[in-house]
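Below is one structure, written out as structure tokens; the observations come after it.
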Amino acid sequence: MANTVIQLKFSTVTATPSSLNVAEPAYSYSSNTLFIGSPAGTGSIAIGGQFFIDKFQRGFDTANAAFLAANTAGSSAFVQAAFNTANASFNHANAGFQAANSAGSYANSAFATANNEAGVNLTQNNSITAAFTAANSAGVYANGAFAAANAATATDDTQNNSITAAFTAANSAGVYANGAFTRANNSINANTGGTITGSLTITGNLTVQGNTTFVDTEILTVEDSLIKLANNNTTDAIDIGFYGQYGANTRYAGLARNAGTNNFFLFKDLTADPAGNTLANGSVTAANAATLIANVSAYSITIGGQNIQTYVDNAFNQANTAFDSANSINGVNVTQNNSITAAFTAANSAGSYANSAFLVANSAAAYSNTVDATQNTSITAAFTAANSAGVYANGAFAQANTDFTNISTTAASHGNISSIIQFTLAANGRISQANTVSLLINANQIGSGTLDVIRGGTGAATFTTNGVLLGQNTSAFTTASSSTEGHVLTINASGVPTFAHLSGGTF
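In terms of numbering that gives the first Met the number 0, the sequence shown is numbered consecutively and its last residue is 506.
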């Protein structure tokens, strides 16, 4: 496994560091001692190491030798007296242990009764209280025995273990009695119910078969990511959703699916509480529709009973038709289209007038031998009108076929080393505008070469995978890299960044 441990500051020749930073650790192999920097950062404090382990071992060896010597001297009168005292203490502790066992059995029985009986009566409470008192007394008795045993000198391991067992049993009896007492005083009657005043944790499943569940909490955390509603709604007779209450005048808002339909209604300002799992009749109206503020992606949208997709399609097709019509006239803008259309309409109208005048003229010619001067005047007027109409028609036709864009540009020099010429080409093929714009090229449009450092580039085409880039003045970037686990980027003695395991240095 690779080295991933940060190395401490160390020394193989100096026994004690002269100073360390605050809480800075260090180790001396010369003195086999672990040090840490003083709070003022001006010295060092020995906190452990092989030196202290050896010192403790020597103390243990000395104490062990003394203990063996004391055991060897067990025939002395003083040791015998201590042994007798220990035996008396043991008997005292044993009596306490027996009392604790009895109290523990009594407490266990009361605890089992409390667990198996939901409504503990007064007699049971008194029994459990008595068990609790007995256990406490046994604990006091055992504690006294334990103290007496500890006061006796030269007590062997067997006696200590027996006394410790008695003390443990007494404590266990107290714990059981406490549990039974708490259980009895906080039990719930299976028939009449009750109240749990503390926190309750259920490791199994909880089934509630009543009609109403109240959760009066400020924060509700649910692990289920998809909540199921209306579990038994097999006839689709009730609405499905959620709602809340707001306002001093009590209004209701929420989101619900109406029974028997696939419509979800986002509602507000309802005055009737939908606690019966259905919205009141007449609630689903435009006046009660709430506003949804969101980004919407839909398969279809209906407004006022109309699918707006139909209107969008019609508008799109109409726009395409108009666009095709506009494109069919080469080089003609909107204003020209309007002018040409008006001219064409005027020409058609003039043509109609001319035809009517021509018919009148022909009719007049048929009766030319019999018409009087008044009729000739009428015919002349009709002929003049026909000629005038022809002139108008010819003018309209000429106008329709003449380019009226009035395109012109100003003579000038365009383009230089840092800019290019930009032209605007009209639909009729003429240049309508020419100017100079700055040359702007995106970096992703550069297809070859390497951008130098002095131009903002790296001066290199490739780099080592997972490497760290290092600047080299105006030369190409270099890479510092490592594949060894636990390496960090450090500065070596030459001031060059390099990857290595972090070392605390020496003193």
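Even for Gly, the Cβ is constructed at its ideal location relative to N, Cα and C. Every value quoted in this text rests on a predicted model; they were computed, and no experiment measured them.
Neighbour-count burial assignment, residue i, 16 or more Cβ in a 10 Å radius
{"i": "residue 278", "result": "buried"}
{"i": "residue 19", "result": "buried"}
{"i": "residue 34", "result": "buried"}
{"i": "residue 282", "result": "buried"}
{"i": "residue 502", "result": "exposed"}
{"i": "residue 26", "result": "buried"}
{"i": "residue 298", "result": "exposed"}
{"i": "residue 494", "result": "exposed"}
{"i": "residue 8", "result": "buried"}
{"i": "residue 470", "result": "exposed"}
{"i": "residue 36", "result": "buried"}
{"i": "residue 16", "result": "buried"}
{"i": "residue 22", "result": "exposed"}
{"i": "residue 32", "result": "buried"}
{"i": "residue 213", "result": "exposed"}
{"i": "residue 154", "result": "Reliability fails at residue 154, whose pLDDT of 49 lies under 50, so the model's placement of it is uncertain and the value that follows must be treated cautiously. By the 10 Å Cβ count, residue 154 comes out buried."}
{"i": "residue 14", "result": "exposed"}
{"i": "residue 264", "result": "buried"}
{"i": "residue 489", "result": "exposed"}
{"i": "residue 315", "result": "exposed"}
{"i": "residue 310", "result": "exposed"}
{"i": "residue 266", "result": "buried"}
{"i": "residue 60", "result": "exposed"}
{"i": "residue 119", "result": "Summary for residue 119: the model assigns pLDDT 45, below 50, so the residue's position carries little reliability; its value from the coordinates is reported in the next sentence. It is buried - the Cβ of residue 119 has at least 16 other Cβ atoms within 10 Å."}
{"i": "residue 451", "result": "exposed"}
{"i": "residue 388", "result": "buried"}
{"i": "residue 285", "result": "exposed"}
{"i": "residue 238", "result": "buried"}
Any non-hydrogen atom of the ligand ATP within 7 Å of residue i CB
{"i": "residue 413", "result": "This structure lacks the ligand ATP, and indeed carries no ligand of any kind."}
Residue(s) in a DSSP beta bridge with residue i
{"i": "residue 298", "result": "Answer is none; residue 298 lacks a bridge partner."}
{"i": "residue 499", "result": "487"}
{"i": "residue 436", "result": "419"}
{"i": "residue 26", "result": "9 and 33"}
{"i": "residue 244", "result": "251"}
{"i": "residue 467", "result": "479"}
{"i": "residue 45", "result": "34"}
{"i": "residue 239", "result": "256"}
{"i": "residue 424", "result": "430"}
{"i": "residue 192", "result": "188"}
{"i": "residue 505", "result": "9"}
{"i": "residue 306", "result": "301"}
{"i": "residue 288", "result": "266"}
Residue i: first and last residue of the uninterrupted beta strand (DSSP E) it sits in
{"i": "residue 268", "result": "263–269"}
{"i": "residue 250", "result": "250–256"}
{"i": "residue 8", "result": "8–10"}
{"i": "residue 476", "result": "474–479"}
{"i": "residue 205", "result": "Looking at the DSSP string, residue 205 is not in any beta strand (DSSP E), and its letter there is neither H nor E."}
Closest Cα partner of residue i within the set the options
{"i": "residue 463", "options": "471, 448 and 481", "result": "481"}
{"i": "residue 42", "options": "50, 28 and 24", "result": "24"}
{"i": "residue 492", "options": "437, 458 and 504", "result": "504"}
{"i": "residue 433", "options": "427, 422 and 441", "result": "422"}
{"i": "residue 241", "options": "227, 231, 235 and 437", "result": "227"}
{"i": "residue 167", "options": "97, 215, 223 and 430", "result": "97"}
{"i": "residue 414", "options": "426, 435 and 428", "result": "435"}
{"i": "residue 252", "options": "477, 280 and 269", "result": "269"}
{"i": "residue 243", "options": "171, 255 and 234", "result": "255"}
{"i": "residue 487", "options": "192, 479 and 499", "result": "499"}
{"i": "residue 458", "options": "478, 439 and 441", "result": "478"}
{"i": "residue 199", "options": "314, 455 and 187", "result": "187"}
{"i": "residue 28", "options": "40, 11, 38 and 237", "result": "11"}
{"i": "residue 258", "options": "233, 248, 266 and 267", "result": "233"}
{"i": "residue 460", "options": "447, 472, 467 and 453", "result": "447"}
{"i": "residue 454", "options": "475, 465 and 302", "result": "475"}
{"i": "residue 442", "options": "46, 225, 216 and 456", "result": "456"}
{"i": "residue 287", "options": "300, 271, 293 and 294", "result": "271"}
{"i": "residue 274", "options": "250, 293, 206 and 295", "result": "250"}
{"i": "residue 420", "options": "437, 381, 429 and 220", "result": "437"}
{"i": "residue 49", "options": "217, 30 and 219", "result": "30"}
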